[in-house]
Every structure is written in structure tokens, then in C-alpha cells.
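Enquirer:
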Amino acid sequence: MTAPKLTLYNAHYCPYAARAVLALAETNQEHDVVEIDLSVPRPDWLVPKDPLQLAQSRYLIHHWGARTQPALFKATITLDPTESAKARQEVFTELEKVDVLLRNVVRTAEDKEGPFFLGAKFTFADLALASFLTRLYLVSAYQQEGVEQEFDQALKDNKNLQRFREWREAISQRPTVQKASAPREVVVKNYRKFLPKTN
Numbered sequence: 001m002t003a004p005k006l007t008l009y010n011a012h013y014c015p016y017a018a019r020a021v022l023a024l025a026e027t028n029q030e031h032d033v034v035e036i037d038l039s040v041p042r043p044d045w046l047v048p049k050d051p052l053q054l055a056q057s058r059y060l061i062h063h064w065g066a067r068t069q070p071a072l073f074k075a076t077i078t079l080d081p082t083e084s085a086k087a088r089q090e091v092f093t094e095l096e097k098v099d100v101l102l103r104n105v106v107r108t109a110e111d112k113e114g115p116f117f118l119g120a121k122f123t124f125a126d127l128a129l130a131s132f133l134t135r136l137y138l139v140s141a142y143q144q145e146g147v148e149q150e151f152d153q154a155l156k157d158n159k160n161l162q163r164f165r166e167w168r169e170a171i172s173q174r175p176t177v178q179k180a181s182a183p184r185e186v187v188v189k190n191y192r193k194f195l196p197k198t199n
């Protein structure tokens with residue numbers, strides 16, 4: 001199977017873009033180049049135009065990285081059953097905060113109803129967090145039998161996570177996200193290195 005041809009969005013005087021140009025040259029990768037003029041506003045691909053929505057998107061990403069992801073990681077690597085149950089409860093507390101952010105996002109008059117962060121349009125906030133949402137199974141991947149089903153059921157039953165579930169489902173089902181997601185068995189195998197060493 002032939003790899004798809006790459007497209008490089010380049011600004012020829014940018015030293016950071018030059019890294020990608022050099023890497024493509026060194027590896028003889030066939031590619032197309034789209035020159036970007038950095039003196040004018042960039043094309044509107046995934047970033048909201050509205051300043052408030054842009055701030056909300058950045059805050060959601062920051063909040064996930066600062067609060068939600070540490071709780072998820074702690075629950076993933078905590079193997080003691082009692083401590084693990086406490087860690088999973090912390091996960092639900094943090095996910096409920098994310099649900100509040102999702103419900104309270106300010107939409108513009110142009111936004112259409114939809115399941116993504118800002119409505120019908122998949123934006124950079126959704127893109128930035130997609131790989132974390134599709135790996136929620138890690139919370140119970142190394143726990144005793146039955147924990148995964150218990151966690152999944154609690155996720156479905158929690159009335160404070162309705163918007164979160166809708167968002168996660170829409171992102172997880174998006175074809176590009178599915179295509180970009182590593183298989184579960186590969187992720188679970190590679191995350192084992194983070195587990196505490198046992199005697």
C-alpha cells in the first residue's frame with residue numbers, strides 16, 4: 001500500500017518550518033507545498049474566529065491537561081483496589097467539571113447545533129483532546145476483572161455527564177479520529193511501562 005502524499009504548509013523564511021522541509025528532504029518524502037504568508041491572518045481551518053470561543057477552547061484544553069488528565073493517569077496506574085476505586089471517583093469528579101464547561105460554552109449566532117465543543121463544527125479543541133477521549137479505557141485496563149464494566153456503567157448512569165458522553169461519542173465515532181487512533185491492545189501494552197514496579 002502506498003503512503004498518501006504529504007502536504008507541507010510552509011513559510012519559507014520560518015526556521016521552524018525549515019525543520020520540516022529539511023526532514024522531508026533528508027527522507028526523500030514526496031510532498032506538496034502550500035506557502036503561507038505569515039504577515040496576514042492565517043486561514044480559518046479549526047480555530048474559532050470569535051475571541052470568547054477561542055479563549056474557551058484554550059481553557060478547555062488547559063483544564064483537561066492540568067486537572068482531568070492527571071486524574072485519569074493516576075487512576076490508570078493505581079493498582080491497589082481500594083486506592084484505585086478512590087482514584088476512579090476523582091476521575092468522575094473531574095469529568096463532571098468538563099461537562100460543565102461543555103454545557104456552558106458560548107456559541108455565536110452562526111453556530112449550528114451539534115455534539116462537538118462549539119456545536120456542529122469539529123474545531124481544534126475537539127482535535128486536541130480526541131486522543132485522550134478515545135483512551136478512556138485505560139482507567140480500568142490494569143484493574144481486576146469486572147472493574148471495566150463497572151466503570152463503563154457508572155459513566156453511562158452519571159446524570160452529570162450527559163453532555164460529556166455526547167461529546168466523547170461524537171469525537172470517538174469521527175472517521176478521522178478512528179483512523180488516527182492506535183489499536184487498544186497496542187496502547188495498553190505500551191502504557192504498562194508507567195505501572196509501579198511490583199516485587
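Counting along the sequence shown from 1, when you hit position 124 you're at 124 in UniProt numbering, and nothing is skipped either side. The beta carbon of each residue, even a glycine, is placed where N, CA and C say it ideally should be.
(1) What separation, rounded to the nearest whole angstrom, lies between the Cα atoms of Arg19 and Gln162?
(2) Determine the DSSP secondary structure at Phe116, reduced to helix, strand or coil.
(3) Nearest to Arg99 by CA position, among Glu83, Leu127 and Trp64, is which residue?
(4) Taking 8 Å as the threshold (beta carbon to beta carbon), is Val105 in contact with chain C?
(5) Just how far apart, CA to CA, sit Asn199 and Glu169?
(6) Give me whichever residues DSSP pairs with Val34 in a beta bridge.
(7) By how many angstroms is the C-alpha of Gln69 removed from the C-alpha of Leu195?
(8) To the nearest angstrom, how far is the alpha carbon of Cys14 from that of Asp37?
(9) Check whether the Cβ atoms of Ser140 and Ser181 lie closer than 8 Å to each other.
(10) Could you check if Asp126 is buried or exposed, using at least 16 other CB atoms within 10 Å of its CB as the buried criterion?
(11) Just the Cα atoms here: how many angstroms apart are Lys189 and Val40?
(12) Could you say if the segment 74–85 and the segment 44–53 meet the contact criterion of at least three C-beta pairs nearer than 8 Å?
(13) Does the ligand GDP have a heavy atom nearer than 7 Å to the CB of Ser131?
(14) Which first and last residues belong to the alpha helix (DSSP H) in which Leu60 is found?
(15) Cα separation between Thr7 and Gln29?
(16) If we count the other Cβ atoms within 10 Å of its Cβ and call it buried at 16 or more, is Thr93 buried or exposed?
(17) When we look at the beta-carbon of Ala71 and count the other beta-carbons within 10 Å, is it buried (16 or more) or exposed?
(18) Closest by CA to Glu113, which one among Arg174, Ala85, Trp167 and Tyr137?
Expert: In this structure, then:
(1) Here the question's residue 19 lines up with position 19 in the sequence shown. Here the question's residue 162 lines up with position 162 in the sequence shown. Taking the straight line from one Cα to the other gives about 43 Å.
(2) Numbered from its first residue, the sequence shown carries residue 116 at position 116. Three-state DSSP puts Phe116 in a strand.
(3) By 1-based counting over the sequence shown, the position of residue 99 is 99. Looking at the sequence itself, residue 99 is Asp, so the reference to Arg does not match. Among Glu83, Leu127 and Trp64, the Cα nearest to that of Asp99 belongs to Trp64.
(4) Going by chain labels, chain C is absent from the structure shown, which holds only one protein chain.
(5) For the purposes of this step, residue 199 is taken as residue 199 along the sequence shown, with counting starting at 1. For the purposes of this step, residue 169 is taken as residue 169 along the sequence shown, with counting starting at 1. Low per-residue confidence applies at Asn199: pLDDT is 49, beneath 50, and the placement is therefore not dependable enough to give any value.
(6) In the sequence shown, the residue the question calls residue 34 occupies position 34. Answer by DSSP bridge pairing, in chain order: Tyr9.
(7) What you label residue 195 is simply residue 195 of the sequence shown in a count that begins at 1. What you label residue 69 is simply residue 69 of the sequence shown in a count that begins at 1. Cα-Cα distance, rounded: 16 Å.
(8) Within the sequence shown, numbered from 1, the residue matching residue 14 stands at position 14. Within the sequence shown, numbered from 1, the residue matching residue 37 stands at position 37. Approximately 10 Å, taken between the alpha carbons.
(9) On the sequence shown, residue 140 is found 140 positions in, with the first residue counted as 1. On the sequence shown, residue 181 is found 181 positions in, with the first residue counted as 1. No. Outside cutoff.
(10) The count along the sequence shown starts at 1 and reaches residue 126 at position 126. Classification for Asp126: buried.
(11) For the purposes of this step, residue 189 is identified with residue 189 of the sequence shown, where counting begins at 1. For the purposes of this step, residue 40 is identified with residue 40 of the sequence shown, where counting begins at 1. Those two C-alpha atoms are separated by around 45 Å.
(12) no
(13) The ligand content of the structure shown is nil, which means the ligand GDP is not present either.
(14) Here residue 60 refers to the residue found at position 60 when the sequence shown is read from its first residue. Pro51 to His63 is the extent of the alpha helix (DSSP H) around Leu60.
(15) Along the sequence shown, read from residue 1 onward, the residue named residue 7 stands at position 7. Along the sequence shown, read from residue 1 onward, the residue named residue 29 stands at position 29. Roughly 10 Å between the two C-alpha positions.
(16) Working through the sequence shown from its first residue, we reach residue 93 at position 93. Exposed, by the Cβ-count rule.
(17) Indexing the sequence shown from 1 puts residue 71 at position 71. Classification for Ala71: buried.
(18) As a working mapping, residue 113 is identified with position 113 in the sequence shown. Considering only alpha carbons, the answer is Trp167.
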